[in-house]
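Q: 130 is the number that our numbering gives to position 146 of the sequence shown; each next residue is one higher, with no gaps.
The beta carbon of each residue, even a glycine, is placed where N, CA and C say it ideally should be.
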Amino acid sequence: MSWRRLLLTAALVGGLSACAVVPPAAVSANSDTLSGRMTVRIDATATSAASAVSAGFELSGNADRGGLDLNTPFGTTLARARWEPGSVTVHTPQDAATYSDLNAMTRALLGEDLPVAALFDWLRGRTWSGAPVTSSSSGAEFAQLGWDVSLAQFADSWVSARRRQAPAVTVRIKLDTP
């Protein structure tokens, strides 16, 4: 596990002291923002232990231009990502890093790709238009991008997704209700 991944995991789980805070970002009144709590669990493999991170989040914009803030339960900002075509910048209280795209960012920070572009739609209770989808007969579940997405508890503001490819990755999100 890289030092950056260890640092982010420790920060997400344990929180940072109040003196190491990234100042809050201004959010446009016209932005479409989703917020809540998320847990990401990556199953163990033959070469790595299982890991899990949990944080409050605020996701704004869209897959082309947007932002993601991760916070402790006490509201301290752990990381702030901002992106536009061709560039993703992540600021933590310790440093800043730039990545070529959202997949490269999640791969560097978590060790695995997360479908951030698709999450914008999944968190709104719909499939993403950017990839083929297979829906269940109930309509409460679908498969897309190698992920099984469940909207069975969407009325209670829960969305969960599990990647089938090893190592399995599970994302559970509880959205704040307006």
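Please confirm if the stretch 130 to 145 is in contact with the stretch 106 to 115, defined as three or more CB-CB distances below 8 Å between the two stretches.
A: yes
Q: From this set, ALA101, LEU62, LEU129 and VAL153, which residue's C-alpha is nearest SER44's C-alpha?
A: ALA101
Q: Considering only residues of the same chain and omitting the five flanking positions on each side of GLY20, which have a CB-CB separation below 8 Å?
A: Hits under 8 Å: GLY40, PHE41, SER141, ILE157, LYS158, LEU159 and ASP160.
Q: Quick one: residues in its chain with C-beta nearer than 7 Å to the C-beta of THR111, no 5 flanking neighbours on either side, listed in chain order?
A: Closer than 7 Å at the Cβ level, and outside the excluded window around THR111, lie ASP105, VAL117, PHE126 and GLN128.
Q: Could you compute how far the alpha carbon of SER122 sits from the alpha carbon of ALA139?
A: 15 Å
Q: Just how far apart, CA to CA, sit SER134 and ALA63?
A: It is roughly 27 Å from the alpha-carbon of SER134 to the alpha-carbon of ALA63.
Q: Which word fits ASN46, buried or exposed, when buried means at least 16 other C-beta atoms lie within 10 angstroms of its C-beta?
A: exposed
Q: Do GLY95 and SER84 come within 9 Å of each other at the CB atom, strictly closer than that value?
A: Their beta carbons are not under 9 Å apart, which means SER84 does not touch GLY95 by this criterion.
Q: Within its chain, find whatever has a CB closer than 7 Å to the CB of GLY130; leave out the 5 residues flanking it on each side and keep chain order.
A: ARG147, ARG148 and GLN149
Q: At what residues does the beta strand (DSSP E) containing TRP112 begin and finish?
A: Careful: TRP112 lies outside any beta strand (DSSP E) and carries neither H nor E.
Q: Tell me, to the nearest whole angstrom, how far the beta carbon of THR29 is from that of PRO151; I am working on the premise that it is less than 8 Å.
A: 5 Å
Q: Tell me the DSSP secondary structure of ALA13 in three-state form.
A: With a pLDDT of 33 at ALA13, under the threshold of 50, the predicted position of this residue should be treated as unreliable, though the coordinate-derived value follows. In the three-state reduction of the DSSP assignment, ALA13 falls in the coil class.
Q: May I ask which residues mark the beginning and end of the alpha helix (DSSP H) holding ASP105?
A: The continuous alpha helix (DSSP H) containing ASP105 extends over residues 100 to 106.
Q: Using the Cα positions of ALA80 and ARG91, report the straight-line distance between them to the nearest angstrom.
A: 16 Å
Q: Given this structure, state the Cα-to-Cα distance separating LEU86 from ASP132, to the nearest angstrom.
A: Cα-Cα distance, rounded: 20 Å.
Q: Which residues mark the beginning and the end of the alpha helix (DSSP H) in which ASN180 is found?
A: Residue 180 falls outside the range modelled here, since the chain spans only -15 to 162, and no answer is possible.
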